[in-house]
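2 protein chains.
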Amino acid sequence: MSQTTLPKSDELKGKSIIISGGGIGGAAGALALSLRGADVTLYERAPEFKEVGAGLQIGPHGVRMLEKWGLKDKVIDAGYLPERMQFRDAITAEPILTMDFGEEFQRHYGGRYLVIHRSDLLSILVEAATEAGATLLNGVQVLGADDREDGVVVHIEHRADGTREDVGADLLIGFDGTHSVFRKLLVDDEPVPSAYVAYRGTSELPEDPDMKDLKDVVGYIGPRCHFIQYPLRGGELLNQVAVFQSPRYLEALTEGTEVPEDWGNNEEFKNAFGHTNEFIQGRLGDMWLNTWWQMADREPLMNYVVSDHIIVLGDAAHPPLQYLASGAVMAMEDAECLALFASQAAVEGGKNWRDVLEEVSAERAPRCARIQTVGRFWGELWHVDGLSRLIRNETFRQAEATGWFKYADWLWDYDADRREYLKDPSKGEMPAELKEWEYNLHKIARLRDSREYEQVTV
Amino acid sequence: MSQTTLPKSDELKGKSIIISGGGIGGAAGALALSLRGADVTLYERAPEFKEVGAGLQIGPHGVRMLEKWGLKDKVIDAGYLPERMQFRDAITAEPILTMDFGEEFQRHYGGRYLVIHRSDLLSILVEAATEAGATLLNGVQVLGADDREDGVVVHIEHRADGTREDVGADLLIGFDGTHSVFRKLLVDDEPVPSAYVAYRGTSELPEDPDMKDLKDVVGYIGPRCHFIQYPLRGGELLNQVAVFQSPRYLEALTEGTEVPEDWGNNEEFKNAFGHTNEFIQGRLGDMWLNTWWQMADREPLMNYVVSDHIIVLGDAAHPPLQYLASGAVMAMEDAECLALFASQAAVEGGKNWRDVLEEVSAERAPRCARIQTVGRFWGELWHVDGLSRLIRNETFRQAEATGWFKYADWLWDYDADRREYLKDPSKGEMPAELKEWEYNLHKIARLRDSREYEQVTV
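Structure representation (C-alpha cells):
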C-alpha cells in the first residue's frame, strides 16, 4: 500500500457537521470536510461500512478529486487503470468506438480513468476520513432533524439497543441515499424504474483463458441490452455486468397493469440475450443469479436545500441511471463542492450556512440534472434497434474519427471551484441538438395516460 | 444557346440498333450509339417527346457524360448550377448538412452538379441524337420482338392508323420504362410502392419574395415527409417537391387489406405536414393538386440480357426510388456503357453481341442494384422520427465536419470505362456496416405474412 499524506487545512475549524449515511458520498463528505478542519460525525445505520454491487467506474472528474484528497496512489493500488474504453456492437461484436485513456486523454482531462471495486473505494474513503479526524459510526440511524436558529438538532437511534438521542450540530448533510428521509421534506416523489435490470458477477481473471488479456473497459451495446466487462483489483478479478430490458415490466407499464415485483427475474434473464453475439451468450454463466438490480433514477430536483442547516446530497439529491458511470463521482463532487464553498465562505466571511448551501445547490443541481437526463438519453442510445442502431454505430465511428472529447468535456472536465453552473445554470440543460428529446419512459406513461396512440411509423 | 460540336466516331458503323422508348434513357442511348456511328432508330409510342414531372437533379456522374457527349454548355444554359445542397431538419428548419458544389467538389468529381427541367433535358438529348444521325419516331409502339441468329425482328405498330410492321436490326434495346414489355421476359415482377407520394409544383422564382435569393438545392427532411426546393431555367423557375408517407397505403399494407387506388390523395396531403416547420407549411400552396406521384421501385434484377440481341436498360431494368436523384443518370450511364463496350468490342474484335450485352449487364446490374438499395435506405434515413432523428442529425453534422465525399464517391465517382463492377461485383453490395439493414416495406410484408409480431421496443 502506498503511503499518502492527507492535505489538511483548517478553514472549517470549530464547525460541527453531521452526515447521515455512510456510503461513498457520505464517506467522501466526511473526508472532504475533515480535511478542511471541520468536526464531522457520520452515522450509518448498517452494522458495517459496506457497498452492494461490484465494480465502479471513476472518470477523470472523480480521479482528480481523489488525487486532491491525497488518495490517488491508494485507489490505483486497489483498483485498475484500463487502457481504453471499447464500445462494441452487441450483435456483431465489432468495435464501433474506442476511447483511448493514454497520454492525450490524461493531458486533456488532467486525470486517469479508474475502475475499482465499490467496497474497496468505500474502505479507502472511510479510512481516510477517520485518519482526517472524522468520527464514523455504524449502527446508528438518523430518524430526522429539527432546524434551529443556530444549527440543527438531529434525532438518532442506536440500532443495537433501540435507544434514541438528540445530537446538535451546525449543519446536517443528508447523504442518505435514494430512499432519503430528508429528500421527502423537499419533494414527494418516487423512483422512476428504467425497465432495465442488471445482473452482475465477479470471477478470477487470470484463470479465464478467453479474458486473461483484457486491459480495457469493454461495453457491448445492442437492442434492449448491453454487456460490460473490465478487470478489477490489479487485474485479479473480472467484473461483468449484463443489463437488459424487462418485457414484463414494460408490458405492465404500457398496459397500466400491476408491475410484478420480480421484474427482470432469472427467466427473463435467460431470454434476454438470444439476439446478441455468441461470445456474450457464452459469458452469461458468470453472472450471479440470486440478486438482480432493477435500475431506476428519479426526476431531477432543482433545489437540494432542505432548511437553513440541512441539505441533501449524493443519491438522496440526484440518483442517476448508471449509463454515464457518474453516480459515485457526483456524490464525491457534491462533497468537495460543499467543503470548498464552505471553506471559501469561512475565509471571506459575511455568509451564513444558508448562503453556502444555496450556492452549493445552485452549482450542483443543474449539473446533476444534466447528468441524470443525459444518462437516460445515453441508455436509449445504447439500446436502439434496426435502422437506428446502424445510424448510431456510424455516429460512434465518426466520433472516434473526429475526436470524442467534445462529447465528454462537459462531464469529465469539471471543477466545482470554477462555479460554472452557478454562473450559468443553462449549462445544466440538454444541448440544443437534444432539446426535443423525450425520455421513452415518460412518453409511454404520457401515451398511456392520455390514451393517445401514435401513428404507426415505418 | 451555345453551339456544341458532337464528338463523332465510327466504331459502330454499319450496326443497326432499335431502341424502344423515347424517354431520357432512350434518347441518351440513341445519342451515345449514333455518336459511335451506329444506325439508330428509336420508337416512342407517345405523339411527342415529353417528360412528366418537373425538375431533375444530375450529379457529376451524369454531368461528366453530358460533357462527353458535347452537351455541357447546352444543359447548363437550360438548367441551373446550384451552389450547394443543403439538408435541413424539417421540424426545426436548421441546416444539418451542407454539401458545397464549389471548386473542391468540382475538382474531386471532375464535374458540376446540375438541376434541369426534365423536358429541357429530354429536348436537348432528342435534338442531339437527331443531329448525330439517329432517327427518332413518335407514335410508334414496340409490341415485341423475335431474336434471330443474326439479329432481331421488332414488331411495331403505328398508333395513328393501327398498322403493324416488322423491322429488322442487329440489336434491340428496351428503354421502355418501368412497365417495360421486355422486362417481363426476364422476370414476372410488380412495382414495389414505397408508401410515399410526391406532390410537385413549379412557379415563378423572381417574383417570390421569400425565395428570390435561393441558389441551392434545399431538402428539408423530417419524420414521414420531406420537402425539396431548387431553381430551374437559370433561376427563372422555382421547383418544389413535397413528399410524404400515405397513412392509408400503410394501413392497407400492414393489415393486408385492399390498397385504395388514390392513396396519397389531396386529403392525405393536407394532413401530412402539420408537424413540420411553418416555413414548409407556408410553401405547400404552390403544389399542383391534380396529379400526385405514388413512388415505387422494383426489386433489383441481376441480369438485363433478354436474349442474344435484346437487352433492357434504364427504368425497364432498374427503376429506383428518387432519393439518390440518380434515375435519369443511371439510364444515361447504361447508354454510355453499352455504346462504349460495343465500340471497344468492335475495335478489338472477337466478341459477338451477346458477349457485349453480358458485359454491359455484368457492369451495370451490380451498380444499379446498389443504387436501388441505397435509395431505399436513404429514404428511410430521411424520414426517421424521435431519437433516431436526433442521431441522424448528428451523423449528418459529423459528415459535414469530416468531409462527406467518402459517402458519395461510390455514386458520383463512376466511369463505365473502368469496368469496376464487372471486375468486382461485390461493389454492388451494401457496405459492411449496412449489410444487416432490412427495407421496412419488406419487413412489414414479412411480419404480416408470417403473422409474427415483434417484441414491443422502447
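So the sequences go chain by chain: A and B.
When the count follows the UniProt record's numbering, it moves up by one through the first sequence with no breaks and lands on 458 for the last residue.
When the count follows the UniProt record's numbering, it moves up by one through the second sequence with no breaks and lands on 458 for the last residue.
Every residue gets a Cβ at the ideal spot worked out from N, C-alpha and C, and that includes glycine.
Please determine, among the options, the residue with the shortest C-alpha to C-alpha distance to residue i.
{"i": "B:G70", "options": "B:I17, B:T92 and B:A129", "result": "B:A129"}
{"i": "A:E157", "options": "A:E255, A:L137, A:D170 and A:A93", "result": "A:L137"}
{"i": "A:N303", "options": "A:R183, A:K435 and A:F396", "result": "A:R183"}
{"i": "B:W412", "options": "B:G139, B:R370, B:H61 and B:A132", "result": "B:H61"}
{"i": "A:F244", "options": "A:E267, A:L238, A:P260 and A:E255", "result": "A:E267"}
{"i": "A:L237", "options": "A:E11, A:N265, A:K215 and A:R45", "result": "A:K215"}
{"i": "B:K68", "options": "B:E438, B:L441, B:A416 and B:E429", "result": "B:A416"}
{"i": "B:N393", "options": "A:Y421, A:K435, A:G428 and A:R376", "result": "A:K435"}
{"i": "A:S34", "options": "A:P47, A:E44 and A:I18", "result": "A:I18"}
{"i": "A:E336", "options": "A:E44, A:R418, A:E104 and A:R88", "result": "A:R418"}
{"i": "residue 474 of chain B", "options": "B:A242, B:Q344 and B:S180", "result": "Nothing about residue 474 of chain B can be read from this structure; chain B reaches only from 1 to 458."}
{"i": "B:G79", "options": "B:E94, B:L122 and B:R370", "result": "B:L122"}
{"i": "B:A64", "options": "B:F105, B:G110 and B:R36", "result": "In the sequence as presented, Ala is not what sits at residue 64 of chain B; that position holds Arg. Residue B:G110 is the option with its Cα nearest to B:R64."}
{"i": "A:R200", "options": "A:H155, A:F269 and A:L253", "result": "A:F269"}
{"i": "A:F273", "options": "A:A28, A:D77 and A:Y220", "result": "A:Y220"}
{"i": "A:E104", "options": "A:Y113, A:R118 and A:I96", "result": "A:Y113"}
Got a sec, what are the start and stop residues for the beta strand (DSSP E) residue i sits in?
{"i": "B:G168", "result": "R164 to A169"}
{"i": "B:L143", "result": "V140 to R148"}
{"i": "A:W293", "result": "W293 to D297"}
{"i": "B:L301", "result": "Per DSSP, B:L301 belongs to no beta strand (DSSP E) and is neither H nor E."}
{"i": "B:A339", "result": "Careful: B:A339 lies outside any beta strand (DSSP E), inside the alpha helix (DSSP H) at G327 to E348."}
{"i": "A:E44", "result": "D39 to E44"}
{"i": "B:G219", "result": "V217 to G222"}
{"i": "B:G62", "result": "Where B:G62 is concerned, there is no enclosing beta strand (DSSP E), although the alpha helix (DSSP H) it sits in stretches over P60 to K68."}
{"i": "A:N239", "result": "L237 to Q245"}
Do you know how far the Cα of residue j is from the Cα of residue i?
{"i": "A:D161", "j": "A:V142", "result": "15 Å"}
{"i": "A:P431", "j": "B:A195", "result": "34 Å"}
{"i": "B:C368", "j": "A:D385", "result": "28 Å"}
{"i": "A:A169", "j": "A:V40", "result": "9 Å"}
{"i": "B:E299", "j": "B:I310", "result": "21 Å"}
{"i": "B:L447", "j": "A:D89", "result": "25 Å"}
{"i": "B:E333", "j": "B:V356", "result": "15 Å"}
From what residue to what residue does the alpha helix (DSSP H) around residue i run?
{"i": "B:D355", "result": "W353 to W382"}
{"i": "B:V126", "result": "R118 to E131"}
{"i": "A:N271", "result": "N266 to N271"}
{"i": "B:Q322", "result": "Counting along the chain, B:Q322 falls outside any alpha helix (DSSP H), and DSSP gives it neither H nor E."}
{"i": "A:S388", "result": "G386 to T402"}
{"i": "A:I76", "result": "K72 to A78"}
{"i": "A:S34", "result": "I24 to L35"}
Taking all protein chains shown into account, do 16 or more other C-beta atoms lie within 10 angstroms of the C-beta of residue i, making it buried, or fewer, making it exposed?
{"i": "B:G234", "result": "exposed"}
{"i": "A:K74", "result": "buried"}
{"i": "A:N352", "result": "exposed"}
{"i": "A:R107", "result": "exposed"}
{"i": "B:H226", "result": "buried"}
{"i": "A:W288", "result": "exposed"}
{"i": "B:T276", "result": "buried"}
{"i": "B:T373", "result": "buried"}
{"i": "B:R364", "result": "buried"}
{"i": "A:P320", "result": "buried"}
{"i": "A:L9", "result": "Leu is not the amino acid found at residue 9 of chain A; the sequence shown has Ser there. Exposed is the call here."}
{"i": "B:F279", "result": "exposed"}
{"i": "B:T163", "result": "exposed"}
{"i": "B:P47", "result": "exposed"}
{"i": "B:D176", "result": "buried"}
{"i": "A:N440", "result": "buried"}
Under 9 Å between the Cβ atoms of residue i and residue j?
{"i": "residue 511 of chain B", "j": "B:G102", "result": "Here chain B comprises residues numbered 1 to 458, so residue 511 of chain B is not present and cannot be evaluated."}
{"i": "B:G174", "j": "B:V329", "result": "no"}
{"i": "A:P206", "j": "A:P82", "result": "no"}
{"i": "A:V360", "j": "A:F341", "result": "yes"}
{"i": "A:I58", "j": "A:V115", "result": "yes"}
{"i": "A:G285", "j": "A:D210", "result": "no"}
{"i": "A:D308", "j": "A:T178", "result": "no"}
{"i": "residue 462 of chain B", "j": "B:Q322", "result": "The question about residue 462 of chain B has no answer, for chain B in this structure spans 1 to 458."}
{"i": "A:W378", "j": "A:G53", "result": "no"}
{"i": "A:L381", "j": "B:E380", "result": "no"}
Got a sec: is the Cβ-Cβ distance from residue i to anything in chain D below 9 Å?
{"i": "A:V384", "result": "Looking at the structure shown, chain D is missing, and the protein chains on hand are A and B."}
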